[in-house]
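full-length UniProt numbering numbers the first residue of the sequence shown as 1 and each following residue consecutively. For each residue, glycine too, the CB sits at the ideal point set by N, CA and C. Here the structure comes first, spelled out in structure tokens, and everything after it is commentary.
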Amino acid sequence: MDGFELAQVNVARLRAPLDDPAMRGFVDALEPVHRLAEASTGFVWRLATDGGHGVCVVDDADGPAFCNVSVWRDHPTLHAFVYRGDHGRLVRARARWFVATRQPSTALWWVRAGTRPTVGDALRRLQHLRDHGPEPRAFGVRRRFTPDGRPEHR
């Protein structure tokens with residue numbers, strides 16, 4: 001549906017602080033992954049902190065977590081970036097840097113084109129998904145909805 005883009009948030013519990021040597025492989029991969037995302041078909045926007053690197057660490061009841069927020073044209077382009085190529089290799093190695101995270105750890109939702117979600121917006125969507133399950137307001141990668149709220153059929 002024209003006029004909408006797909007926002008996503010994912011959180012992951014850190015094994016150690018980002019400046020710990022155990023996290024070096026993850027930290028060293030951040031800038032190359034950001035460049036890869038920005039060059040990917042369907043990429044629209046990503047959260048970037050004041051330093052420009054996009055790392056957001058949030059604290060909640062479960063402790064510190066890495067938080068990633070981005071906007072994509074649609075689910076197929078987001079999926080291709082996340083699970084294919086160099087980023088997919090890092091996803092498969094995530095146990096090196098992250099511990100089990102309360103599920104779901106990823107939420108998706110549609111935004112009007114040009115909307116840039118804040119970390120607070122994104123974490124509220126994730127909490128909504130955790131509290132209510134997949135709905136048009138917030139859904140996961142397996143049970144998705146169209147921008148007009150209809151269940152998406154594969």
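If you draw a straight line from the Cα of P134 to the Cα of R35, it comes to about 31 Å. Between the region 57–67 and the region 135–143 there are fewer than three inter-stretch CB-CB distances shorter than 8 Å, so the stretches are not counted as touching. Proximity of the region 6–14 to the region 94–114 meets the contact definition, three or more beta-carbon pairs being nearer than 8 Å.
Taking 8 Å as the cut-off, the Cβ atoms of V71 and R102 do not count as close. Of the other Cβ atoms in all chains shown, fewer than 16 fall within 10 Å of the Cβ of V91; this residue is therefore exposed. If one requires a minimum length of 4 residues, the alpha helix (DSSP H) runs lying completely within the UniProt domain "DUF3291" (6–143) are 24–39, 75–83, 85–92 and 119–132, in chain order. Sequence-distant partners of W45 (beyond 5 residues in either direction) whose C-beta falls short of 7 Å from its own C-beta, in its chain, are S70, V71 and R116.
Contact check for A12 against F145 fails: the beta carbons are separated by 8 Å or more. DSSP lists no beta-bridge partner residue for P147. 8 Å or more divides the Cβ of T77 from the Cβ of S105.
Straight-line measurement puts the Cα of D148 at about 27 Å from the Cα of C67.
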